[in-house]
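So the protein lines, in turn, are chains H and V. Per our numbering, the very first residue in the first sequence carries number 1; after that it's consecutive. Per our numbering, the very first residue in the second sequence carries number 1; after that it's consecutive. Yeah, the Cβ is synthetic: ideal placement off N, Cα and C, and Gly gets one too. Nothing here was measured: the structure is a model prediction, and the numbers come from that model.
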Amino acid sequence: DTAVSQTPKYLVTQMGNDKSIKCEQNLGHDTMYWYKQDSKKFLKIMFSYNNKELIINETVPNRFSPKSPDKAHLNLHINSLELGDSAVYFCASSQKRTGGYGYTFGSGTRLTVV
Amino acid sequence: AQSVTQLGSHVSVSEGALVLLRCNYSSSVPPYLFWYVQYPNQGLQLLLKYTSAATLVKGINGFEAEFKKSETSFHLTKPSAHMSDAAEYFCAVSDLTGHNDMRFGAGTRLTVKP
């Protein structure tokens, strides 16, 4: 049973399209995150949700909209995709938001915008 | 805001040699520090973490790291490299308040030569 699962694993789409990435965790964790990893492997936090409440919204274009229907799910919807959105997107979860808990990561969604 | 700097984007060692991956942190409050490993086309996996208990932390796969406050460092070591250790390694920091979620270093690619 995968602890943090993301779908799809690969996503190739044209500029201007709208797409969604889904994430689910079965660990009972309170906090979930979206990170973007660029081609140089740099990881940047995008969003953080704690018990379905948005905590962090980094400087991310408002074309990106996260949604958390319950604390086990955190989806990412992207409107009007641009070439620069091409990256690997990772979902992660943490038992609590504070207290030094590590993250459990999903295996990533490789988004390619053409 | 806290941050980490990983010295050396690429480290190459021979099989059986000592592995040393360097990480320095910057934080205005006592930090939590983490090392993660990322194998090709996979998500990140937690290797070990420092949460203000013992300064020498042992992790999985024979890795350990030592927290040195005077040097603001949290270097990762392994006495004897194995071919399977070849991967990308990330140092990360979060702080006790939880107001800033985990921030990652730029990563160090470890190559192990036979």
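- About 12 Å separates the Cβ atoms of L54 of chain H and F64 of chain H, ruling out a contact at the 8 Å cut-off.
- Separation of L11 of chain H and Y36 of chain V (C-alpha to C-alpha, rounded to the nearest whole angstrom) is 25 Å.
- The C-beta distance from R22 of chain V to G43 of chain V rounds to 24 Å, too long to fall under 8 Å, and the pair is not in contact.
- For the stretch 22-57 of chain H, the full-length beta strand (DSSP E) segments reaching 3 residues or more read 31-37, 43-50, 53-57 along the chain.
- Judged by DSSP in its simplified three-state form, D85 of chain H adopts helix.
- Counting the other CB atoms within 10 Å of its CB gives H10 of chain V a total below 16, which places it among the exposed residues.
- Taking CB atoms only, G8 of chain V has no neighbour in chain H less than 7 Å away.
- Put simply, the stretch 72-86 of chain H touches the stretch 105-113 of chain H. At least three CB pairs are less than 8 Å apart.
- Contact between L33 of chain V and F74 of chain V is confirmed by a C-beta separation of about 4 Å, below the 8 Å threshold.
- Under the 10 Å beta carbon count, H82 of chain V is surrounded by fewer than 16 other beta carbons and is classified as exposed.
- For T111 of chain V, the enclosing beta strand (DSSP E) covers residues 108-113.
- Taking 7 Å as the cut-off, the beta carbon of L81 of chain H is found closer than this to the beta carbon of N17 of chain H.
- V113 of chain H and Q14 of chain H have their alpha carbons spaced roughly 5 Å apart.
- For the options H:N62, H:K40, H:K19, H:V60, the alpha carbon positioned closest to that of G107 of chain V is the one of H:K40.
- For N61 of chain V, the three-state secondary structure derived from DSSP is helix.
- Any Cβ of chain V closer than 7 Å to the Cβ of G108 of chain H would place that residue at the interface, and such an atom is present.
- Closest in alpha carbon position to A65 of chain V, among V:V4, V:K49, V:S84, is V:K49.
- For the pair I60 of chain V and L76 of chain V, the CB atoms are not nearer than the 7 Å cut-off.
- Of all alpha-carbon atoms in H:D85, H:N26, H:K96, H:C23, the one lying nearest the alpha-carbon of N62 of chain H is that of H:D85.
- Against chain H, a Cβ distance below 9 Å from L56 of chain V picks out nothing, because the smallest value is about 16 Å.
- In terms of beta-carbon proximity, D95 of chain V stays away from the interface with chain H, with every pair separated by 7 Å or more.
- The criterion of a C-beta distance shorter than 7 Å is not satisfied by D95 of chain V and V13 of chain V.
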